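Those protein sequences? They're chains A and B, same order as listed. Residue 684, in our numbering, is where the first sequence stops; the numbers in between run on with no holes. Residue 1012, in our numbering, is where the second sequence stops; the numbers in between run on with no holes.
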Amino acid sequence: MKFTEEHEWLRVEGDEIVVGITIHAAEQLGDVVFVELPEEGTTVSKDDEVVVIESVKAASDILAPIDGEITEVNSTLSDNPGAVNDDPQGEAWFFKMTASDPSQMDEFMDEAAYQAYIA
Amino acid sequence: MGALLKTPLFELHGRLEAKMVPFAGYEMPVQYPMGVMKEHLHARTRAGLFDVSHMGQVILSGPSWEAVAIAFEALVPMDVLGLADGRQRYGFFTNPAGGIEDDLMFARRGDALFVVINAACKEADIALMRAGLPAEISLQVLDDRALLALQGPVAGSVIGTLDPKAGEMRFMDVADLSLSGHTVWASRSGYTGEDGFEMSVPADEAEALARRLVNDADVAPIGLGARDSLRLEAGLCLYGNDIDATTDPVSAGLVWAMQKVRRPGGDRAGGFPGADRIFDLLARGPQRKRVGLRPLGRAPMRDGVALFATEDASEPVGAITSGGFGPTVGAPVAMGYVMADLSQPGQALWGEVRGKRMGVEVVSLPFVQANFKR
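See the structure below:
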């Protein structure tokens, strides 16, 4: 698993990359009450706003970590946004995407580096 | 901006692992480890303890109750003179344009008036009172007192166990209670729509009292996050969002707080700042009105969201002034101002969130029925 400075995690699964937010990010957000997901098939560029998360406190965005195409979204989050708090690094992934330039993955942190980053 | 002020409960918040944020010049708890959602639900079902010591507490006294009451009536459009000893009222300071300078609670304690004002407004309010009150009225700022609120359906039994006299208090009564050796000035009121008490206590006794209360199995500490969602569900205004110096009490739907004796035809009609403007609005009806709003989707609509009459209208017909997720309602809730002809419950409108128009319905307030001890 790789981690971004925006507190996303990325897990490579075959040709796809699964994206979610970290436990640390979920704790900071507080109780999530709404998740707006992108359309499957959308072409995205790194840093595009692709997901909106609303907690009881505020709205925040998830940015596309790399260039590519959204291939699948976790539509269960629309009905059960609280899963983002319950299992952010497991069941509550947000979307899967393909990478147009896999080398963009190289810049991300491993778990030890991420833990040091948030410490 | 200078250093943030701390309330007498600052160390206790730390021990309770609160997340602290700057608010109105104070370092205040926004939430505890329980989180906003569970804190909110706890206050609706059991009881929650709030530190509201950042609010201003002022005593006005003078040669007689009548002198104090009549002097204060020059600043607010409320019936102060008719307030019985041991009773409290909601009120607001008006300005010459008919706008609201701050909203407040005032209570009669013998011949004196005890006034609680918003933290962000307290310096301006104190200046306004000093300038507007005659020399015979003295104003004492009680910055040596803390203010705690215990709110929720079991608040009455928690406080009543400590002092049975609390059981005799009804909504908006005030009385001195003795709680575990601490004498507090209690009012049976609050800012959640629930039964409960606000308690003014000497600053150096606040932590001991708060610890005693929070040690009760039914009581959890509640931060500013849940305080906001509780008051929003209760349909109560947040000064600075839902009312301010440019909003008048008629548009804001607060005419109920202006007793008949101060309205046109009353024995002491007018005589407060902006009375002509406010009476004119009362006669003609306001152009826009504060309403409850229910977003039809799951996305919260927060303050600043523009409201439109149709999905493609170009001119907004209103805006949201407070909005978020209502944990008890289980859905997004909001309030805001809309043109008067679109303010009836059931009116369909559109709110624009992130460039998209989404349905929202005008509803009557509150979202959650009040649970006061009448």
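Each residue gets a CB set at the ideal place from its N, CA and C atoms; glycine is no exception. Note that the structure is a prediction, hence the values are computed from the model and not measured.
Review point. Can you check whether the CB of LYS622/A is closer than 8 Å to the CB of GLY595/A?
Key: yes
Review point. Nearest CA to the CA of TRP988/B: which residue from SER1002/B, ALA972/B, LEU1003/B?
Key: ALA972/B
Check your understanding: What does ASP651/A touch in chain D if you count any residue whose Cβ is under 7 Å from its own?
Key -> Among the chains of the structure shown, chain D does not appear; the protein chains present are A and B.
Review point. Going by Cα to Cα distance, which pick from GLY794/B, LEU751/B, ASP763/B, SER1002/B is closest to ARG684/B?
Key: GLY794/B
Practice item. Determine the closest residue to PRO653/A out of ASP644/A, TRP574/A, LYS567/A, PHE673/A, with distance taken between C-alpha atoms. Key: TRP574/A
Review point. Are GLY923/B and ALA957/B closer than 8 Å when you measure CB to CB?
Key: no
Practice item. Closer than 9 Å, Cβ to Cβ, to anything on chain B: give me those residues from the stretch 612 to 632 of chain A, in chain order. Key: GLU614, VAL617, GLU619, SER620, VAL621, LYS622, ALA623, ALA624
Point to revise | Contact set between GLU656/A and chain B, taken where Cβ atoms lie within less than 7 Å | key: Neighbours of GLU656/A on chain B: none; closest Cβ ~19 Å, over 7 Å.
Review point. In or out: ARG808/B buried (at least 16 other Cβ within 10 Å) or exposed?
Key: exposed
Review point. Thinking C-beta only, is GLY798/B closer than 8 Å to PHE1005/B?
Key: no
Exercise for review: Give a yes or no on whether 8 Å exceeds the smallest Cβ distance from MET675/B to chain A.
Suggested key: yes
Review point. Counting contacts by CB-CB distance shorter than 8 Å, is GLU637/A in contact with chain B?
Key: no
Check your understanding: Expressed to the nearest angstrom, what Euclidean distance is found between the alpha-carbon atoms of GLY961/B and ASN756/B?
Key -> 20 Å
Point to revise | Local conformation of ASN1009/B per DSSP, three classes | key: strand
Review point. PRO772/B and PRO911/B: beta carbons closer than 8 Å?
Key: no
Check your understanding: If contact means a Cβ-Cβ distance below 9 Å, which residues of the stretch 931 to 962 of chain B contact chain A?
Key -> GLY935, ARG936, ALA937, PRO938, ARG940, GLY962
Check your understanding: From which residue to which residue does the beta strand (DSSP E) around LEU713/B run?
Key -> Segment: none, LEU713/B is in no beta strand (DSSP E) and carries neither H nor E.
Review point. Comparing alpha-carbon positions, which option in LEU800/B, ILE738/B, GLU836/B, VAL857/B lies nearest LEU817/B?
Key: LEU800/B
Review point. Just the Cα atoms here: how many angstroms apart are ALA881/B and ILE738/B?
Key: First, the residue type needs correcting, since residue 881/B is Ile and not Ala in the sequence shown. C-alpha separation (whole angstroms): 7 Å.
Exercise for review: Entirely within the stretch 640 to 680 of chain B and at least 4 residues each: give me those alpha helix (DSSP H) ranges in chain order.
Suggested key: 648 to 653
Practice item. Say whether the stretch 821 to 841 of chain B touches the stretch 783 to 793 of chain B, bearing in mind that this needs 3 or more beta-carbon pairs closer than 8 Å, one atom from each stretch. Key: yes
Exercise for review: Measure from the alpha carbon of ARG865/B to the alpha carbon of each residue in LEU851/B, GLY831/B, THR821/B, PRO715/B, then state which is nearest.
Suggested key: GLY831/B
Check your understanding: Does any CB atom of chain A fall closer than 8 Å to the CB of GLN789/B?
Key -> no
**Study point:** Where the beta strand (DSSP E) containing VAL1001/B begins and where it ends
**Key:** 994 to 1001
Check your understanding: Should SER867/B be flagged as near chain A, meaning a C-beta pair shorter than 8 Å?
Key -> yes
Review point. Mind pulling the chain A residues with CB within less than 8 Å of GLY863/B?
Key: GLY595, VAL621, LYS622
Point to revise | Burial state of PRO983/B (16 or more Cβ within 10 Å) | key: exposed
Check your understanding: Helix or strand or just coil, what does DSSP make of VAL600/A?
Key -> strand
Exercise for review: With 8 Å as the C-beta to C-beta threshold (strictly closer), list the residues of the stretch 981 to 1011 of chain B near chain A in chain order.
Suggested key: ARG992
Check your understanding: Residue range of the beta strand (DSSP E) that HIS820/B falls in?
Key -> 820 to 825
Exercise for review: Using DSSP bridges, identify the partner residues of GLY834/B.
Suggested key: GLN789/B
Practice item. Could you run through the stretch 583 to 610 of chain A and flag, in chain order, every residue whose CB is less than 8 Å away from some CB of chain B? Key: GLY595, ASP596, VAL598, PHE599, GLU601
Review point. Are the C-beta of GLN925/B and some C-beta of chain A separated by less than 8 Å?
Key: no
Review point. By the criterion of Cβ-Cβ separation under 8 Å, what are the contact partners of GLN695/B in chain A?
Key: Chain A residues near GLN695/B: none, gap ~28 Å exceeds 8 Å.
Review point. According to DSSP, which residues form a beta bridge with ARG936/B?
Key: For ARG936/B, which the question treats as bridged, DSSP gives no partner whatsoever.
Check your understanding: Can you tell which of ARG653/B, HIS692/B, LEU713/B has its C-alpha closest to the C-alpha of ALA913/B?
Key -> LEU713/B
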